[in-house]
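Mapping the sequence shown onto UniProt numbering, position 159 (from 1) lands on 159, and the numbers just tick up by one. Cβ coordinates follow ideal geometry from the N, Cα and C atoms, glycine included. A quick note: this is a predicted structure, and the numbers were derived from the prediction, not measured.
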Amino acid sequence: MRVDYGTRRTIVISSPELAKEIMMKHDLEFSGRFTPFVLEALNQHEFAMAVLPMGDKWRQLRRICKEHIFTPQKVQATEGLRQDKLRQLRDYLEECSNSGTSVDIDKAMMVTSLNMLSNTLVSMDFAGYSSAANQEIRDTIEQAAHIGTTANPADYLPFLRMFDPKGLQRRARACYVKLLAYLEDIVGKRMKQQLNHQSNDLLQVLLDLHQQNELTLEEVTRLLLDLVLDGGESISFILLWIMAELLRDPKIMARVKNELRETVGEEREVVESDIPKLSYLNAMIKETFRFRNGAPFLVARKAEADVEISGYTIPKGTSVLINIKSITRDPKVWPNPDTFDPERFLHNNIDYRGQSFELTPFGSGRRVCPGIPIAHPTLHLIVAHMVNSFDWKLMDEMPPNMDDHDCGLVIRLVNPLKAIPIKNK
């Protein structure tokens, strides 16, 4: 389907077969990206892997991240820090349970996932649960994420860029200035400590590369900023929907809890080696990705040449949108697509990590999200700890309002999700 957005010719892909052609067979021809206007603030687009052309700089940054964060060995080596953040989450939930205080699920998920990321990057927490510590940084990351996912007419009507409609680039610049200053301070302190302190984190790797003249200091801080902007809220967003579905349906919650007790028990912590054994939890998370797409479309791809797809020629420069919401609600692909049913994934091999084109929330091909190896265990572990150690009581005894509203490029809950954790006896 062709839809023109302003001056941009756009083709919308709504079938898994055509999505596979775009992202697999013709991946290289559709590897281009359009630069969002907000990312041009402080020239951050020159360091953002998601929109960089697939040239030398893109390959260098992807290689650094893949080799030093996302390999199976590196993911396994950082399991301890994720377990440490999970203990902090459990301690916070126990405090709330003892006092009968409700938990803002969105904020709790944001703090946990953000601190897992920040400790992987720079060995320190960026946020706190119940104190004002680093509140400003967490809020700034959230603001930047919201700005970056807000539809901007300047992306489709170039003459509007001089006016900055909605003030999105101005607001993005303010966020970037604050976050860059914060990261530059961290980098500066680490450089002073290097002789007496060695950390097994990404910053140490980047500073070693800087000493070898492979990266400038600006590239070090800009890469850290890019990873924070891309990963700071994305995992917490789907975690919120997972918890909302569990709280909405007590039967699904009970089945997840029973599987955890049968597989792990109540006395020990859930660890990453348990994840392959938790088939129903895995199915429930997959179904949430299918049923509650964080965004209706994948990031737009740009045709780098004229390409023939299914007998039609897509001209060079055309924007191609993969409509994952349409694909995941297609009755030809999914029986009873408007019903939330984790059991549909118990009897097939469909996965969300880029090889099953019926379900590609992270994309596929060369442009697939590089953070999947960490996102996968993080999602399972946080949900498992939330469910295995606690029962949950909604504030008003009513199922959560599952109405969503479109915030531009992503879909969010209308109302905050709050519940009281009850420690298992």
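| Check | Outcome |
| --- | --- |
| Does the stretch 7 to 20 come within contact of the stretch 313 to 329, defined as at least 3 CB pairs closer than 8 Å? | yes |
| Quick check on DSSP: helix, strand or coil for residue 9? | strand |
| Flag residue 5 as yes when its Cβ comes closer than 7 Å to any non-hydrogen atom of the ligand MG, and as no otherwise. | Of the ligands one can find in the structure shown there are none, so the ligand MG has no counterpart to examine. |
| Select from 7, 3, 25 the residue whose C-alpha is nearest the C-alpha of residue 310. | 25 |
| Does the distance from the C-beta atom of residue 242 to that of residue 288 stay below 8 Å? | yes |
| Check whether the stretch 90 to 98 touches the stretch 206 to 215, counting contact only when three or more Cβ pairs, one atom from each stretch, lie closer than 8 Å. | no |
| Counting only runs of 4+ residues fully inside the stretch 98 to 167, write out the alpha helix (DSSP H) ranges in chain order. | 105 to 122, 135 to 148 |
| For residue 165, count the other beta carbons within 10 Å of its own beta carbon; 16 or more makes it buried, fewer makes it exposed. Which is it? | exposed |
| Checking the sheet assignment: what are the DSSP bridge partners for residue 421? | 392 |
| Is it true that the stretch 74 to 86 meets the stretch 261 to 281, where meeting means three or more beta-carbon pairs spaced less than 8 Å apart? | yes |
| Given this structure, state the Cα-to-Cα distance separating residue 127 from residue 108, to the nearest angstrom. | 10 Å |
| Looking at the secondary structure, which residues open and close the alpha helix (DSSP H) in which residue 510 lies? | Outside the displayed range of the chain (1 to 425) lies residue 510, so it cannot be described from this structure. |
| Under DSSP, the alpha helix (DSSP H) around residue 275 begins and ends at which residues? | Unbroken run through residue 275: none, as it is neither H nor E. |
| Do residue 304 and residue 29 have their beta-carbon atoms positioned less than 8 Å apart in this structure? | yes |
| Measuring straight from C-alpha to C-alpha, what distance separates residue 330 and residue 73? | 38 Å |
| Assign residue 99 to buried or exposed, taking buried as 16 or more other Cβ atoms, counted over all protein chains shown, within 10 Å of its Cβ. | exposed |
| According to DSSP, residue 297 sits in a beta bridge with which residue or residues? | 323 |
| Using 8 Å as the threshold, is the C-beta distance between residue 378 and residue 113 below it? | yes |
| How would you label residue 349, buried or exposed, when you count the other beta carbons within 10 angstroms and need 16 or more for buried? | exposed |
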